[in-house]
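Trainee:
Numbering (my numbering), first residue to last: -10 to 441.
1. Go to residue 42, then tell me how far its beta strand (DSSP E) extends in each direction, as first and last residue.
2. Please list the terminal residues of the continuous beta strand (DSSP E) segment that includes residue 211.
3. Among all the DSSP beta bridges, which residues are the ones paired with residue 92?
4. What number of angstroms, rounded off, separates the C-alpha of residue 288 from the C-alpha of residue 127?
5. With DSSP as the reference, please indicate the residues paired to residue 220 in a beta bridge.
6. Check the C-beta distance from residue 86 over to residue 97 and give it rounded, since I have them as a contact under 8 Å.
7. Helix, strand or coil: how does DSSP classify residue 2 here?
8. Find the nearest neighbour of residue 184 within the set 195, 205, 107, judged by alpha-carbon distance.
9. What's the gap between the Cα of residue 307 and the Cα of residue 129?
10. Mapping the DSSP letters down to three states, classify residue 167 as helix, strand or coil.
11. Using the Cβ count rule (16 or more neighbours within 10 Å means buried), how would you classify residue 119?
12. Identify whether residue 154 lies in helix, strand or coil by the three-state DSSP scheme.
13. Which same chain residues end up closer than 6 Å to residue 39 when comparing Cβ atoms and leaving out the 5 residues on each side of it in sequence?
14. Name the DSSP bridge partner or partners of residue 294?
15. Given this structure, state the Cα-to-Cα distance separating residue 234 from residue 318, to the nearest angstrom.
16. Give me the Cα-Cα distance between residue 295 and residue 186, rounded to the nearest whole angstrom.
17. Rank 10, 2, 22, 7 by C-alpha distance to the C-alpha of residue 252 and give the top, closest one.
18. Quick check: residue 158 and residue 133, are their CB atoms within less than 7 Å of each other?
19. Is the Cβ-Cβ distance between residue 310 and residue 321 less than 7 Å?
20. Is it right to say residue 79 is buried, meaning 16 or more other beta carbons lie within 10 angstroms of its own, or is it exposed?
21. So what's residue 198 in DSSP terms, helix, strand or just coil?
22. Are the Cβ atoms of residue 208 and residue 214 separated by less than 7 Å?
23. Mind checking who residue 230 pairs with in its DSSP beta bridge?
24. Let's test the definition: count the other Cβ atoms within 10 Å of the Cβ of residue 229 and tell me whether it reaches 16, buried, or not, exposed.
25. Should residue 484 go down as buried or exposed, given a rule of 16 or more other Cβ atoms within 10 Å for buried?
26. What is the rounded straight-line gap between the Cα of residue 446 and the Cα of residue 202?
27. Are residue 81 and residue 89 close, meaning C-beta to C-beta below 7 Å?
28. Who are residue 280's beta bridge partners in DSSP?
29. Straight-line CA distance for residue 178 to residue 146?
30. List the residues that DSSP assigns as beta-bridge partners of residue 308.
31. So, for residue 68: in the same chain, excluding its five sequence neighbours on each side, which residues have a beta-carbon less than 7 Å away from its beta-carbon?
32. Suppose you measure from the CA of residue 176 to the CA of residue 219; what does that come to, to the nearest Å?
33. Hey, out of 238, 224, 160, 156, whose CA is closest to residue 192's CA?
34. Taking the CB atoms as reference points, tell me whether residue 257 and residue 301 lie closer together than 7 Å.
35. Flag this pair as yes or no: are the beta carbons of residue 279 and residue 246 separated by less than 7 Å?
Structure, rendered in structure tokens:
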């Protein structure tokens, strides 16, 4: 598979061809299931997408909602925040923090760290609550049912645990018989009958999952390539699965996408995808790789991007960027500069070009948001010749004391040559004859004392 071919046949066939605009943005993606086209503004932010299916039965389960997701349109303010959305409607933002849109209302944490503390569905009243550590790591997710008249508010509680390297090593889904953490804000027990734990074992000190254990204690072996989030396949209780990935590293045949092999431009799950969001069970795969090769948390619909959690429905992170403006983006919440077809963010810190390329011989280029103009060389001006009005004639010689610094090297060489000759062919370099003492009349050397 070279990524540029579309000659695959059979039910498992996959092909992908990319087309670019003059700014280097991905303007079209041709897949075996249809054609995607994309529009951008002058800052290379995604304005909209459209999809034309190659199969009449692609939208059989929920045509209207799926077409809306795959054909979603956006508008942004100067800081890259969405001001309007063809699905979520008009948005309200304060200091780059999303307050609300037509569908959802958001609240910030009371400590002022800029984390999303809760999000509430305006229609159903369903509320997702989030609890963080001091380092902004998410440690607990709670879902409250919007039906306040029920005795048990259908609360779902999930806790997350990390090792000393910051890697998520366990996910605990609390059940009805668990401890106090499995109770809602009215101190009523959760509606889940049983709790279970999923654990993850990493390859040495790398951030690659090697083994995952589901709630039944069954192990799954995950195979990765050299690149980050370059997932190759898995071997587990459900058999062997070889992953198929697109140019972003999105695993299109995994459990996260529900078998439909497509997501929205920002990773939004198609609403007819079964299992894209919902309660976990003990047999669920521990690591469900989906959009851009990251793991989907089915209980919340969020993607775990190591340092932060990403909400594909809003195209934003729950937490502000922990490295601040060092990421190169003045907006600490938006995802990959609003260009999700061109960049990924495997660490949740800064946008980077994807490490998975359909064809290694033709890597995916990055757009150039601000082309650097080629400087025009300044032509050399020739010196005026004699007779020209600007000709000033030869310069007068400098006095000796101003010429002394430039004369010192030549004077030093002359001194060395005269006093320390080294050239054997130079007559002046011949050794001086040995000095013979003069003899006196007695035949003794002059200056010597006669013997007693």
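For each residue, glycine too, the CB sits at the ideal point set by N, CA and C.
Mentor: Let me lay it out:
1. 35 to 42
2. 208 to 213
3. Bridge partners of residue 92: none, in fact.
4. 14 Å
5. 213
6. 6 Å
7. coil
8. 205
9. 13 Å
10. Since pLDDT at residue 167 reaches only 44, below the 50 mark, its modelled position is unreliable, and the value read off the structure follows with that caveat. Residue state, collapsed to three classes: coil.
11. buried
12. coil
13. 26, 60
14. 297
15. 28 Å
16. 19 Å
17. 22
18. no
19. yes
20. exposed
21. strand
22. no
23. 223
24. exposed
25. The displayed coordinates of the chain run from -10 to 441. Any statement about residue 484 would go beyond what the structure contains.
26. No information on residue 446 is available, as it lies outside the stretch -10 to 441 that the chain covers here.
27. yes
28. Per DSSP, none; premise fails for residue 280.
29. Annotation note: pLDDT 41 at residue 178 (below 50); position unreliable, coordinate value reported separately. Cα to Cα, residue 178 sits roughly 10 Å from residue 146.
30. The partner list for residue 308 (beta bridge, DSSP) is empty, contrary to what the question assumes.
31. 85, 319, 320
32. Per-residue confidence for residue 176 stands at a pLDDT of 40, beneath the threshold of 50, marking its modelled position as unreliable; the derived number appears in the next sentence. Cα to Cα, the separation comes out at about 43 Å.
33. 156
34. yes
35. yes
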